[in-house]
Every structure is written in C-alpha cells, then in structure tokens.
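Before any comments, here is the structure.
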Amino acid sequence: MNLRTLTACAAIATCLSGTSLMAQAQTASNASVQAEHTNQRYKVGDTAPDLYKEERVGIKDWQDKHLAAPAEDSQWVMINDKYVLVNVSDGKILDIAPVKTQPLKK
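For the sequence shown, the numbering used here gives the first residue as 572, with consecutive numbering after it.
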C-alpha cells in the first residue's frame, strides 16, 4: 500500500470516528420527550405535567426495564417512547432514557 492510500484511509477513519462521537454526545445531552396531551417538548430540568407526579403512573418494575433505582421522592414514568425520571415533589425531570425493545421470541 502506498503512502497516499494509507494517508487517505487514516483521514477517512478519523472523520468517521469524530462524527460518531459527536452524534453520541448530541443524543445524550439533547434527550427530550413530548407528552401526548400537550404540544410541548420536555428535557432534563423542565417541570413535567402534574399527572406524572402521581404514584399511579409510576413504573413499579423499573429493574426489569434496566432503569437505575429512582432516588427517594422520585419515580420513573413513561411518556410516549421514553422513560422519564420525575421528582414527585416538584415535577422536575431528572433523567430521560429510551425504551429498549426486546427482540421477538420465536
């Protein structure tokens, strides 16, 4: 392999790896969710609608869904296609996680 080909391959690999890292960083820091009954997007730090502070909408089997244990006075809820960790006292959104789908069993 000549030097020119090797340099081109290295440049392409560098560009691709940088793009991948930027995409991952953007996904993690810009996570948001839209509630069905509102036309508003919510992100970490925003206040969720009062409905999501109610115990009846909390996810009880968070371990089965591979979610982190909720801190005292918080609960996981499902808003559209995301799991959202909500402080039940003030409604602040503490975390947003994607729903991980399980492969179909044959």
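Where is the CB? At the ideal position from N, CA and C, for every residue including glycine.
Residue from the options with nearest C-alpha to residue i
i      : options                        : result
Met653 : Lys631, Asp666, Gln634, Asp617 : Going by the sequence as given, residue 653 is Lys instead of Met. Measuring from the Cα of Lys653, the nearest candidate turns out to be Asp666.
Thr672 : Ser645, Pro641, Asp635         : Asp635
Ser645 : Asn651, Gly616, Lys663         : Lys663
Pro620 : Asn651, Pro669, Thr609         : Thr609
Val628 : Pro669, Ser603, Met649, Gln605 : Met649
Simplified DSSP assignment, three categories, for residue i
i      : result
Lys636 : coil
Gln597 : Because the pLDDT at Gln597 is just 33, under 50, the model does not fix this residue reliably, and the value given afterwards should be weighed accordingly. In this structure, Gln597 counts as helix in the three-state DSSP scheme.
Min CB distance residue i to chain B below 8 Å
i      : result
Glu626 : No chain B is part of this structure, which consists of one protein chain only.
Bridge partners - residue i, DSSP secondary structure assignment
i      : result
Lys614 : Ser603
Val655 : Val648, Ile667
(request) Examine the Cβ distances between the segment 609–627 and the segment 655–668 and report whether three or more of them are shorter than 8 Å. (result) At 8 Å Cβ cutoff, the stretches touch.
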